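J.:
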Amino acid sequence: MKDPSRIYRWLLLVASVVTIVYLVGAAVRENYLAQWRTVQHEYRNILREKATDDRGRELLAKFRVEMKQTTIPALGTVDRCVTCHNGIDDPRMTDMPQPHRTHPGHILDKHPVDRFGCTVCHHGQGAAMSFNEAKAEDVFWDYPLLPPELTESTCVTCHDAERLPPDQIPLLTVGMRLYREKSCGSCHKLGGRGGSLGPALDNEGAKTKHQLIMTNLKPPHTTWSWQNAHFRDPGGVVPDSLMRNPTVTRQEALALTAYMLSQWKRDVPESYLAPDKIEQKYRALHPAPLAGEEVYRGYCTACHGNGTYTRWDKKFNRFIPAIRGVSLISTATREYLRANIEQGRPGTQMPAWGSHAGGLLPEEITGVVEYLRSGAPAVPAMTALTLHGDDSNGLSLFLKNCAGCHGMNGRGGMAPEIGNPVFQQAATDEFIIRTIRNGRIGTAMPAFQRNDAPAFSDQDIADVLAYLRTLGEPKAQKAMAQRVTSRTPPGGKP
Amino acid sequence: MSRLDPPHVSRRSFLSLVSLGSFFAALGTAAAGIFRLPNPAVLPGPVRRFKLGPPEQFSAGSETAFAEQNLVLFRDDEGFYAISSTCTHLGCTVARSKDGFACPCHGSRFNSKGSVVGGPAPRPLPWLEVSRSANGDLVVNADNEVPEGTRYRV
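Residue numbers (the working numbering), protein chains in the order written: chain A, 486 to 979; chain B, 290 to 443.
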């Protein structure tokens, strides 16, 4: 008969042997077969080959196969990249394959590894001990290793991009120019200046992949692949996006991506900031006013184009007026233009641009108004209209002739809202009368009193004006305000 | 049966011995792994290897104080040496005095080679290892002390 405890002895033997094999295997893997050890042995062989003089022999003698790291408490980084990138500051290694190669350029001369580390510029997981984990693209790491061409975007952490030599930051230079040229500021705020249709971009570079919609993108899902695809086709990445396609080339999209990644209000100790960065921060508090034309190009052209034509916008579902068109400019006063820019047009996509909202300085708005009026012809004085208007007759004329476009009660439709509070406050009687008389060239607004075939008599115009002014009365304004607040958000179905 | 014959071990007790032995061997290996854990592979402190710049920057006979790194770098005819400027008493930063170093906190005094000449300091100021990095810059490793009088020749 067999001993019943025999089976347990066998079990104990097998379990113990399996445990020993596993533990010894783990120890060998960690202490002898780790990727970084292989790399360092390779590097030692390279050092041996290159040890032809005293210096070379000294470096070889000092080389130890060990984990190497740069800890920088001021930046909160622990970077072990130098464990594998051993030749990073050795000028003899320029022709070696990665990871042994010398750091390109002269960047390390001014940014020594022991003061700056690696991840402050390159991102990635500094404490990782293998390249895939250091790259950290598919693991839960907020800022994976930047592709080499986009690494320049982190220079802006401590430098003013405007003052860096353009050949050092080729993409950022193009990106900054495109941001102005494409008039991104018409919809996006940067440093408190810009429109409000799109999100502010001040901390765009700090976004992680979890803050961006990646469903329409192929992996790898990184913030830069999102930005890049988004610049090529905003609606394809974010389905409900109001953003117009900026129509950029592949290289330009990459440049804008680099510029977006550089927008990061990152907290680094003052001792790391370059003097120009400190000046830039000061300048941002006391901005120098831009000339009118520059303001127009930076903050208006995305919607208004060059301002001389009216455009139907599918996404806004309305006409965008020709604000430099002769017939508007010859009719509108400076005060009217100024009020519309400063306070915007509530209920439309035109945001307020005063210093409390869009961040434009008063002198900049003056500059824009002058720029808008720069092509205006001299306006002949208008014969004063002294007739007293009858608003009930005005209402019937309005319903017959105007409501089709301007909407019932001046609510607007294809044409501007007459009941709009900013319009009611800023438009003078003369402005309204001139517009009715002469129409608005380039739009659907006809002239109602051309000399050859007057549709309205002076009395009719006075009646309509009287009716229009009732829309500015408190009761009508209250109804308008309710309508504005309950309106579907921009981009929704009207 | 003579005494030289090996003691008889039955197959059954051999199995017991081997299984028990391997069990304790596994336990031992695991314990070795566990006791290694508290020793970090890399210390989490800041880097204490300071790059001080190219050697040509320092003329013979010069001494340069590095306040941030808490050390003084000397160059004489024999070569470079670096002396820590952290007092060995309670860690204040010593100041250069006429004939050496003086600690402002408790009055320890050291001569220009770092040896204690007065005050409560228990040990002389340590001499730190000087070397050169691959790109030729002088490097002082503040974690490595070297015997007094060690020079680094360029």
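Quick reminder that beta carbons are idealized off the backbone N, C-alpha and C, glycines included. Keep in mind it's a predicted model, so treat the numbers as computed, not measured.
Could you give the residue range of the beta strand (DSSP E) that holds Ala747/A?
T.: Your numbering for residue 747/A matches position 262 in the first sequence. A small correction: the amino acid at residue 747/A is Ser; Ala does not occupy that position in the sequence shown. Ser747/A -> not in any beta strand (DSSP E); alpha helix (DSSP H) instead, spanning Arg735 to Ser747.
J.: Exposed or buried, Glu689/A, counting other C-beta atoms within 10 Å across all chains shown (16 or more means buried)?
T.: By one-based count along the first sequence, residue 689/A stands at place 204. Buried: at least 16 other Cβ atoms inside 10 Å.
J.: Residues of chain B with CB closer than 7 Å to the CB of Leu497/A, please, in chain order.
T.: Taking the first sequence and counting its residues from 1, the one referred to as residue 497/A is at position 12. Correct list: Ser308 and Phe312.
J.: Is it true that the CB of Gly572/A sits closer than 7 Å to the CB of His585/A?
T.: For the purposes of this step, residue 585/A is taken as residue 100 along the first sequence, with counting starting at 1. For the purposes of this step, residue 572/A is taken as residue 87 along the first sequence, with counting starting at 1. Yes; because the gap between Cβ atoms is below 7 Å, this pair is in contact.
J.: For Ala410/B, return the contacting residues in chain A, with the cut-off set at a CB-CB distance below 7 Å.
T.: Start at 1 with the first residue of the second sequence, and residue 410/B comes out as number 121. Result: empty, since nearest Cβ-Cβ is about 27 Å, beyond 7 Å.
J.: How about Pro335/B: is its C-beta nearer than 7 Å to some C-beta of chain A?
T.: For the purposes of this step, residue 335/B is identified with residue 46 of the second sequence, where counting begins at 1. So, interface residue.
J.: Would you give the residue range spanned by the beta strand (DSSP E) that Tyr370/B belongs to?
T.: The count along the second sequence starts at 1 and reaches residue 370/B at position 81. Per DSSP, Tyr370/B belongs to the beta strand (DSSP E) from Gly368 to Ser373.
J.: Taking only the alpha-carbon atoms, compute the straight-line gap between Pro974/A and Arg830/A and give it to the nearest angstrom.
T.: Within the first sequence, residue 974/A is the residue found at index 489, counting from 1. Within the first sequence, residue 830/A is the residue found at index 345, counting from 1. Because Pro974/A carries a pLDDT of 47, less than 50, the predicted location of this residue cannot be relied on, and the following value inherits that uncertainty. Each residue's Cα considered, the two are about 15 Å apart.
J.: Going straight from the alpha carbon of Tyr370/B to that of Arg364/B, what length do you get?
T.: Position 81 of the second sequence, counted from the start, is the residue given in the question as residue 370/B. Position 75 of the second sequence, counted from the start, is the residue given in the question as residue 364/B. Tyr370/B and Arg364/B: Cα-Cα distance of roughly 6 Å.
J.: Using a beta-carbon distance below 7 Å, is Met552/A in contact with chain B?
T.: By 1-based counting over the first sequence, the position of residue 552/A is 67. Closer than 7 Å: yes.
J.: Under three-state DSSP, which class holds Pro329/B?
T.: Reading the second sequence from its first residue, position 40 is the one you call residue 329/B. Looking at Pro329/B - three-state DSSP - the assignment turns out to be coil, as it is neither helix nor strand.
J.: Say whether the stretch 919–935 of chain A touches the stretch 806–817 of chain A, bearing in mind that this needs 3 or more beta-carbon pairs closer than 8 Å, one atom from each stretch.
T.: yes
J.: Where does the unbroken alpha helix (DSSP H) through Gly783/A begin, and where does it stop?
T.: Walking along the first sequence from the start, residue 783/A turns up at place 298. Gly783/A -> alpha helix (DSSP H) spans Gly777 to Tyr784.
J.: How big is the Cα-Cα spacing for Pro684/A and Val605/A?
T.: Working through the first sequence from its first residue, we reach residue 684/A at position 199. Working through the first sequence from its first residue, we reach residue 605/A at position 120. Each residue's Cα considered, the two are about 26 Å apart.
J.: May I have the straight-line CA-CA distance separating His608/A from Leu822/A, to the nearest angstrom?
T.: Start at 1 with the first residue of the first sequence, and residue 608/A comes out as number 123. Start at 1 with the first residue of the first sequence, and residue 822/A comes out as number 337. Spanning the two alpha carbons is a distance of roughly 47 Å.
J.: How many Å lie between Gln358/B and Cys785/A at the Cα?
T.: Within the second sequence, the letter at position 69 stands for residue 358/B. Within the first sequence, the letter at position 300 stands for residue 785/A. Those two C-alpha atoms are separated by around 53 Å.
J.: For the alpha helix (DSSP H) holding Val853/A, just list the boundary residues, first then last.
T.: The residue labelled residue 853/A in the question sits at position 368 within the first sequence. It spans Pro847 to Leu857 - the alpha helix (DSSP H) in which Val853/A sits, taken as one unbroken run.
J.: Which same chain residues, not among the five before or five after Ile921/A, have their C-beta less than 6 Å away from its C-beta?
T.: Translated into the one-based positions of the first sequence, residue 921/A becomes position 436. Correct list, in chain order: Phe933 and Ile946.
J.: If the cut is a Cβ gap below 7 Å, which residues of chain A does Thr318/B touch?
T.: What you label residue 318/B is simply residue 29 of the second sequence in a count that begins at 1. Chain-ordered, the chain A residues with CB closer than 7 Å to the CB of Thr318/B read Ile505, Leu508 and Val509.
J.: Are the C-beta of Pro489/A and some C-beta of chain B separated by less than 7 Å?
T.: For the purposes of this step, residue 489/A is taken as the residue at position 4 of the first sequence. Output row for Pro489/A: interface = no.
J.: Would you mind reading off the limits of the beta strand (DSSP E) that contains Val429/B?
T.: By 1-based counting over the second sequence, the position of residue 429/B is 140. Run containing Val429/B: Leu427 to Val435, per the beta strand (DSSP E) assignment.
J.: For Leu702/A, which of helix, strand or coil comes out of DSSP?
T.: The residue given as residue 702/A occupies position 217 in the first sequence. Three-state DSSP puts Leu702/A in coil, outside helix and strand.
J.: On the premise that Lys535/A lies in contact with Arg577/A, defined as a C-beta separation below 8 Å, what is that separation, rounded to the nearest angstrom?
T.: Position 92 of the first sequence, counted from the first residue, corresponds to residue 577/A. Position 50 of the first sequence, counted from the first residue, corresponds to residue 535/A. Between Lys535/A and Arg577/A the Cβ distance is about 6 Å, and since that is below 8 Å, they are a contact.
J.: Do Ala315/B and Thr504/A have their beta-carbon atoms positioned less than 7 Å apart in this structure?
T.: Taking the first residue of the first sequence as position 1, residue 504/A is located at position 19. Taking the first residue of the second sequence as position 1, residue 315/B is located at position 26. Yes.
J.: So, for Ala759/A: in the same chain, excluding its five sequence neighbours on each side, which residues have a beta-carbon less than 6 Å away from its beta-carbon?
T.: Sequence index remark: in the first sequence, residue 759/A carries index 274 (1-based). Within the same chain, Ala759/A has close Cβ partners Cys643 and His644.
J.: With distances taken between CB atoms, is the gap from Gly677/A to Ser671/A smaller than 7 Å?
T.: The residue given as residue 677/A occupies position 192 in the first sequence. The residue given as residue 671/A occupies position 186 in the first sequence. Against a cut-off of 7 Å, the Cβ pair of Ser671/A and Gly677/A comes out as no contact.
J.: Taking 7 Å as the threshold (C-beta atoms), are Leu727/A and Leu682/A in contact?
T.: The residue labelled residue 682/A in the question sits at position 197 within the first sequence. The residue labelled residue 727/A in the question sits at position 242 within the first sequence. For Leu682/A and Leu727/A, yes; Cβs fall inside 7 Å.
J.: Rounded to whole angstroms, what is the Cα-Cα separation between Phe303/B and Ala500/A?
T.: The count along the second sequence starts at 1 and reaches residue 303/B at position 14. The count along the first sequence starts at 1 and reaches residue 500/A at position 15. Between Phe303/B and Ala500/A, the alpha-carbon positions lie close to 17 Å from each other.
J.: Sorted by chain position, which residues of the same chain lie with C-beta nearer than 6 Å to Phe390/B's C-beta, five sequence neighbours on each side aside?
T.: Within the second sequence, numbered from 1, the residue matching residue 390/B stands at position 101. Excluding positions up to five away in sequence, the list reads Val383 and Phe399.
J.: Just checking my contact of Leu686/A with His695/A at CB under 8 Å: how many whole Å lie between their CB atoms?
T.: Counting from 1 along the first sequence, the entry for residue 686/A is found at position 201. Counting from 1 along the first sequence, the entry for residue 695/A is found at position 210. The pair is not a contact, with the Cβ atoms about 18 Å apart (cut-off 8 Å).
J.: For Ala546/A, which of Ile531/A, Lys595/A, Thr708/A and Gly790/A has the nearest alpha-carbon?
T.: Looking up residue 546/A in the first sequence gives position 61. Nearest Cα to Ala546/A within the set Ile531/A, Lys595/A, Thr708/A and Gly790/A: Ile531/A.
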